[in-house]
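Numbering (this note's numbering), first residue to last: 170 to 628. The beta-carbon is built from N, C-alpha and C at its ideal position, and this holds for glycine as well. Note that this is a predicted model, so its numbers are computed, not measured. The next block holds one structure in the form of C-alpha cells; read it before the comments.
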Ligand SMILES: Cc1cc2nc3c(=O)[nH]c(=O)nc-3n(C[C@H](O)[C@H](O)[C@H](O)COP(=O)(O)OP(=O)(O)OC[C@H]3O[C@@H](n4cnc5c(N)ncnc54)[C@H](O)[C@@H]3O)c2cc1C
C-alpha cells in the first residue's frame, strides 16, 4: 500500500491506532483455519465515525477492508485474502453500552467477548444463551457475522434469534440502523437479517442490540449409551419430537469416544456405537423430573443400553467431559483435521451418519464425528496426515462427497462456521446459478466496488 494511504488513514484514526510493522501483520494474518494471509495494515477504530471515514476513504481508493473479531473463525472469514486493511475492534470498540433491565436487552459494541456479555447479563439475573465453544474469546461482532451457534441451541436457538437491531457502516461510509429494541418490527426490509451471517462482506457492524431472557434456575444432565450411531440418531429426532425440549442433545461416535478414552482414560464405553449427552432446564424440579423421564423413555425405546443421570454438578461435568474434549482428542487419528459442520433435518441424521461411514470405508480414511445433533449439526472430521499430499487430496475428495450427501438429504454446507474461503468452492453444490446471482446482486447493492472482505463466499 502506498505511503500516502497510511498518512491519510493515520489522520483519521491517529497514528497510535494504525500499524504496519511486521509483528502486527503476522499477528493478524491467521484464524482457526491456520491459513495465513498478511494484510497491508491493521487499524483499531476508536468509534463508528472512524469506521465510516476509513470505509469512505478505502472505497474511493479501492483498498480492501476485512473486519475482524477474535480470528477464531473456522472458514477464513477474517483472513485478508486480497491484502488491504484488517479492521479490529478489540482495543476500543469492546464495550457493553447498556443492559436495559426493563426491556431485557443489551446494547454492545462488536468487540465485546461473548462470555463477558453472558456474565454481565447473569449478574443482573438475565441470560444470553448463545454459547459457542469459543465463548471465552470470540466476539459478538464475529458471532453475529457468522450467526454462531452453541451448546444450548437445541432449546434456545442461535445468535440470529437474539439480534434485535444493529448499527452498521456501508462501504461508502453511510451509517445505517436496522431493527429496534421492540419485540415486533415489520417496517421495511429486514436489513439486520441480511447482515446476520454476512461474514463481513456487506457492511461493518458497529453496534448490536441483543435480546436477553430470564435464566432458568435448575438444570440436569444425563448420558445415554447406544449400540450403534444410527440408533442414537433415531433417539435424537424422536426425543426432540416427543414434547420436551432439551437444552442440549450432543453426540460422540465410536471413533471419538475411543480417541477421548485413549487420551484421558475416563472409563468411557469404548465398545459403544455412540453416546448422547443431554441437558434439561427449568424453574421447577417437577419440570426437570418430567423432562428427564420422557427422554429416558424415548432413549430406551430406541436401543439405549444405559442411561446415566448426574446427581450433582460434579457428575454433570464428568458426563460432559468427553464432549468438551472431543475436538482435541481426535488428533490421535492424524495430524490434519479437515473439519466441517454440515447440518441436516434431524430425521435425516441416521442416514447421514450411515453414508459418512460408507465414505470413510471407500476412501479408507477415519472420519470421527461428534456435535450438536439436537440441531441436526454434525462436526465431521476427515483425519489425514497433513504432510502427505496424496492423503490430503483423498481427504478433500471425501469431504466433497460428504457435502453432496448432505445437500441430497436436504441439508446445508454449514450450520455455524460459515463459508468464508474454505467452503467457497462448494457453494455451487448448494445453490443454483440464479440463487448465486441474487447473492451477487445483494453484494453489489451494499458494496459495488467489492472492497469489503473480497474473495469470500464465491461472490
Ligand atoms: C475452539 C473453537 C470452537 C468453536 N466453537 C464454535 C461453536 O460452538 N459454534 C460456532 O458457531 N462457532 C464456533 N467456532 C467458530 C468461531 O468461534 C465463530 O465463528 C465465531 O463466531 C467467530 O467470532 P470471532 O470474533 O472470532 O470472529 P472472526 O473469526 O474474527 O470473524 C468471523 C467473521 O466475522 C466477520 N466480522 C467480525 N467482526 C465483524 C464486524 N464488526 N462487522 C462485520 N463483520 C465482522 C469477519 O470478517 C469474518 O468474516 C469455534 C472456533 C474455535 C476455534
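Quiz item: Just how far apart, CA to CA, sit residue 491 and residue 436?
Solution: The count along the chain shown starts at 1 and reaches residue 491 at position 322. The count along the chain shown starts at 1 and reaches residue 436 at position 267. About 10 Å.
Quiz prompt | Counted within 10 angstroms of its Cβ, other Cβ atoms place residue 303 as buried (16 or more) or exposed | solution = Translated into positions along the chain shown, residue 303 becomes position 134. Flag for residue 303 reads buried.
Exercise. Would you mind reading off the limits of the alpha helix (DSSP H) that contains residue 178?
Key: Numbered from its first residue, the chain shown carries residue 178 at position 9. Residues 172-182.
Quiz prompt | 8 Å contact criterion, which residue 245 and residue 591 should meet: CB distance rounded | solution = Here residue 245 refers to the residue found at position 76 when the chain shown is read from its first residue. Here residue 591 refers to the residue found at position 422 when the chain shown is read from its first residue. With a Cβ gap of about 6 Å, residue 245 and residue 591 count as contacting.
Exercise. Identify whether residue 457 lies in helix, strand or coil by the three-state DSSP scheme.
Key: Residue numbering aside, residue 457 sits at position 288 when the chain shown is read from its first letter. Helix, per DSSP.
Quiz prompt | Bridge partners - residue 390, DSSP secondary structure assignment | solution = Position 221 of the chain shown, counted from the start, is the residue given in the question as residue 390. According to DSSP, residue 390 bridges with 448.
Quiz item: Mind checking residue 325: buried by the 16 CB within 10 Å criterion, or exposed?
Solution: Translated into the one-based positions of the chain shown, residue 325 becomes position 156. So residue 325 counts as buried.
Practice problem: Kindly indicate which residue of 201, 380 and 484 has the alpha-carbon position closest to the one of residue 290. | Solution: On the chain shown, residue 290 is found 121 positions in, with the first residue counted as 1. Here the closest residue by C-alpha is 380.
Exercise. State yes or no: is the C-beta of residue 540 within less than 7 Å of the C-beta of residue 548?
Key: What you label residue 540 is simply residue 371 of the chain shown in a count that begins at 1. What you label residue 548 is simply residue 379 of the chain shown in a count that begins at 1. Taking 7 Å as the Cβ cut-off, residue 540 and residue 548 qualify as a contacting pair.
Exercise. Please indicate yes or no: does the CB of residue 200 lie closer than 6 Å to some heavy atom of ligand 1?
Key: Along the chain shown, one-based indexing puts residue 200 at 31. True, at least one ligand heavy atom lies under 6 Å from that Cβ.
Exercise. Flag residue 239 as yes when its Cβ comes closer than 6 Å to any non-hydrogen atom of ligand 1, and as no otherwise.
Key: One-based indexing of the chain shown puts residue 239 at position 70. Flag set: Cβ of residue 239 near ligand 1.
Quiz item: Beta carbon of residue 418, beta carbon of residue 405: below 7 Å?
Solution: As a first step, residue 418 is located in the chain shown; it is residue number 249 there, counting from the start. As a first step, residue 405 is located in the chain shown; it is residue number 236 there, counting from the start. Yes. Within cutoff.
Exercise. Go ahead and pull the three-state DSSP assignment for residue 407.
Key: Here residue 407 refers to the residue found at position 238 when the chain shown is read from its first residue. Helix, per DSSP.
Quiz prompt | Element boundaries [beta strand (DSSP E), containing residue 540] | solution = Within the chain shown, numbered from 1, the residue matching residue 540 stands at position 371. It spans 538-541 - the beta strand (DSSP E) in which residue 540 sits, taken as one unbroken run.
Quiz item: Counting Cβ pairs, one atom from each stretch, are 3 or more of them under 8 Å apart for the segment 328-346 and the segment 359-379?
Solution: yes
Exercise. Using three-state DSSP, classify residue 261 as helix, strand or coil.
Key: By one-based count along the chain shown, residue 261 stands at place 92. Here residue 261 sits in coil by DSSP.
Quiz prompt | residue 317 beta carbon near ligand 1 (any heavy atom closer than 6 Å) | solution = Residue 317 sits at position 148 when you count from the first residue of the chain shown. Answer for residue 317: yes, Cβ within range of ligand 1.
Exercise. Ignore the nearest five residues each way along the sequence and tell me which others in residue 263's own chain have a CB closer than 7 Å to its CB.
Key: Counting from 1 along the chain shown, the entry for residue 263 is found at position 94. These residues qualify, in order along the chain: 278, 280 and 281.
Exercise. Round the Cβ separation of residue 373 and residue 224 to the nearest angstrom and send it over; I've been treating them as touching at under 8 Å.
Key: Here residue 373 refers to the residue found at position 204 when the chain shown is read from its first residue. Here residue 224 refers to the residue found at position 55 when the chain shown is read from its first residue. Their Cβ separation, rounded to whole angstroms, is 7 Å, which keeps residue 373 and residue 224 in contact under 8 Å.
Exercise. Starting from residue 508, trace the alpha helix (DSSP H) both ways and give me its first and last residue.
Key: Here residue 508 refers to the residue found at position 339 when the chain shown is read from its first residue. No alpha helix (DSSP H) holds residue 508; the beta strand (DSSP E) holding it covers 505-512.
Practice problem: Using three-state DSSP, classify residue 368 as helix, strand or coil. | Solution: Looking up residue 368 in the chain shown gives position 199. Correct three-state label for residue 368: coil.
Exercise. Report buried or exposed for residue 509, applying the criterion of at least 16 other Cβ atoms within 10 angstroms of its Cβ.
Key: Within the chain shown, residue 509 is the residue found at index 340, counting from 1. Residue 509 comes out buried.
Quiz item: DSSP puts residue 267 in a beta bridge; with which residues?
Solution: Along the chain shown, one-based indexing puts residue 267 at 98. Residue 267 pairs with 276.
Practice problem: Would you mind giving the Cβ-Cβ distance between residue 444 and residue 420, rounded to the nearest angstrom? I have them listed as a contact below 8 Å. | Solution: By 1-based counting over the chain shown, the position of residue 444 is 275. By 1-based counting over the chain shown, the position of residue 420 is 251. Contact holds; Cβ gap of about 7 Å.
Practice problem: Determine the direct distance from the alpha carbon of residue 572 to that of residue 595, and round the result to whole angstroms. | Solution: For the purposes of this step, residue 595 is taken as the residue at position 426 of the chain shown. For the purposes of this step, residue 572 is taken as the residue at position 403 of the chain shown. In a straight line, the C-alpha of residue 595 is about 8 Å away from that of residue 572.
Quiz item: From residue 602 to residue 367, what does the alpha carbon distance come to, in whole angstroms?
Solution: Sequence index remark: in the chain shown, residue 602 carries index 433 (1-based). Sequence index remark: in the chain shown, residue 367 carries index 198 (1-based). Going from the Cα of residue 602 to the Cα of residue 367 covers about 19 Å.
Self-check item: Neighbour-count burial assignment, residue 504, 16 or more Cβ in a 10 Å radius
Solution: The residue labelled residue 504 in the question sits at position 335 within the chain shown. Classification for residue 504: exposed.
Quiz prompt | Host alpha helix (DSSP H) of residue 605 (start-end) | solution = Position 436 of the chain shown holds residue 605. That run of the alpha helix (DSSP H) goes 602-615.
Quiz item: Within the present structure, is the beta-carbon of residue 585 separated from the nearest heavy atom of ligand 1 by less than 6 Å?
Solution: Along the chain shown, read from residue 1 onward, the residue named residue 585 stands at position 416. Residue 585: yes, Cβ under 6 Å from ligand 1.
Quiz prompt | Buried or exposed by the 16-neighbour rule on C-beta atoms within 10 Å, applied to residue 415 | solution = Position 246 of the chain shown, counting from 1, holds the residue named residue 415. Classification for residue 415: buried.
Quiz item: Counting along the chain, where does the beta strand (DSSP E) carrying residue 321 start and finish?
Solution: Counted from its first residue, the chain shown places residue 321 at position 152. Note, residue 321: premise wrong, no beta strand (DSSP E); not H, not E.
Quiz item: Is residue 393 near ligand 1, in the sense that its beta carbon is under 6 Å from a heavy atom of that ligand?
Solution: Residue 393 sits at position 224 when you count from the first residue of the chain shown. It does not: the Cβ of residue 393 is nowhere closer than 6 Å to a heavy atom of ligand 1.
Quiz prompt | Cα-Cα separation, residue 172 to residue 260 | solution = Residue 172 sits at position 3 when you count from the first residue of the chain shown. Residue 260 sits at position 91 when you count from the first residue of the chain shown. Those two C-alpha atoms are separated by around 24 Å.
Quiz item: Just to confirm, are residue 613 and residue 628 a CB contact at a threshold of 7 Å?
Solution: Within the chain shown, numbered from 1, the residue matching residue 613 stands at position 444. Within the chain shown, numbered from 1, the residue matching residue 628 stands at position 459. Cβ atoms of residue 613 and residue 628: not closer than 7 Å.
Self-check item: Inter-residue CB distance, residue 210 and residue 243 (contact presumed, cutoff 8 Å)
Solution: Position 41 of the chain shown, counting from 1, holds the residue named residue 210. Position 74 of the chain shown, counting from 1, holds the residue named residue 243. With a Cβ gap of about 25 Å, residue 210 and residue 243 do not count as contacting.
Quiz item: Closest by CA to residue 227, which one among 338, 521, 403 and 392?
Solution: Residue numbering aside, residue 227 sits at position 58 when the chain shown is read from its first letter. Among 338, 521, 403 and 392, the Cα nearest to that of residue 227 is on 338.
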